[in-house]
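Asks: With positions in the sequence shown counted from 1, the corresponding number in our numbering is that position plus 5.
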Amino acid sequence: MRLGLLHTAATNVGIIDRAAAALAEPGLVLDHVVRTDLIAAAEAAGGLNAAISAETSRALSDLLGRNDRVLITCSSLGPLADGDRVLRIDAALAEQAVVGGGRVSVLCTSPTTLEATERLFVAAATRTGAKVRVETVDGAWALFRAGDIASYHRRIAEAAAQALDAGADMVALAQLSMSEAVAVVDRPEQVLGCAEAGLRSVLGLGRSSLPSS
6 MRLGLLHTAA TNVGIIDRAA AALAEPGLVL DHVVRTDLIA AAEAAGGLNA AISAETSRAL
66 SDLLGRNDRV LITCSSLGPL ADGDRVLRID AALAEQAVVG GGRVSVLCTS PTTLEATERL
126 FVAAATRTGA KVRVETVDGA WALFRAGDIA SYHRRIAEAA AQALDAGADM VALAQLSMSE
186 AVAVVDRPEQ VLGCAEAGLR SVLGLGRSSL PSS
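#1: Could you pull out every residue in the same chain whose Cβ sits closer than 6 Å to the Cβ of P84, ignoring the five residues on either side in sequence?
#2: Quick one: grab the DSSP three-state call for R159.
#3: I need the boundaries of the alpha helix (DSSP H) containing G19, first residue and last residue.
#4: Once DSSP output is grouped into helix, strand and coil, what is the label at A186?
#5: Start and end of the beta strand (DSSP E) containing G9?
#6: From which residue to which residue does the beta strand (DSSP E) around E140 run?
#7: Could you give the residue range of the beta strand (DSSP E) that holds D36?
#8: Can you name the start and end residues of the alpha helix (DSSP H) that R150 belongs to?
#9: CB S81 to CB S115, shorter than 8 Å?
#10: Tell whether a beta-carbon distance below 8 Å holds between G106 and A128.
#11: Whole angstroms is fine: what's the gap from R124's alpha carbon to V91's?
Spelled out as structure tokens, the structure:
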């Protein structure tokens, strides 16, 4: 399979490459496109608007022209996925996080993703009865923007621990950039990232028995 990936952060390329290497799926070819201008525009506008949606659609159309499927790795752009050949990487995470019901804490770091993420997880939760709380991790996005990924991961891990201590049964790290924070959390069996979950879904591999990384 040829899989196109639309990113809005260059660091997400490596996250996907590492997750794909761990899956070792024969014949998988990844076609990465990084469009930092799209997330910059979304942040300036406070979310998606018609112009950003149109420019994103053009980028997706270009990727579709040379790939079997396309995965949107930016949660802010996720609503533009059609659920057919264009998928959003956080959709599988939402389904996996709520499958057992209970209390699910969904953490975001970028303010522009909050609304789209909440809609996605609330819709998934209605099918299982899970109770979902979506919130941003204070101070994390500034660390990411500064390129301090180690501190970014530690801040996410702290927020995940706080959510679990407050009674959450599961914590979902909603953005791809957050995925590798699973490696530094205290209770990784209760914390899910979207990298592996999203790839498994688009490749039709089914769920892993282990938390996504």
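Cβ atoms here follow ideal geometry from the backbone N, Cα and C, with glycine treated the same way. If you're wondering where the values come from, they're calculated on a predicted model, not measured in any experiment.
Replies: On the basis of the supplied data:
#1: Once the five neighbours on either side are set aside, the close Cβ partners of P84 are A121.
#2: Three-state DSSP puts R159 in a helix.
#3: For G19, the uninterrupted alpha helix (DSSP H) run begins and ends at T16 to L28, by DSSP.
#4: If DSSP states are grouped into helix, strand and coil, A186 belongs with the helices.
#5: Unbroken beta strand (DSSP E) run through G9: R7 to H12.
#6: DSSP places E140 inside the beta strand (DSSP E), whose first and last residues are K136 to T141.
#7: From DSSP, the beta strand (DSSP E) with D36 extends over V34 to V39.
#8: That run of the alpha helix (DSSP H) goes A145 to R150.
#9: Yes, these two residues count as a Cβ contact at 8 Å.
#10: Taking 8 Å as the cut-off, the Cβ atoms of G106 and A128 do not count as close.
#11: Between the C-alpha atoms of R124 and V91 there is a straight-line separation of about 18 Å.
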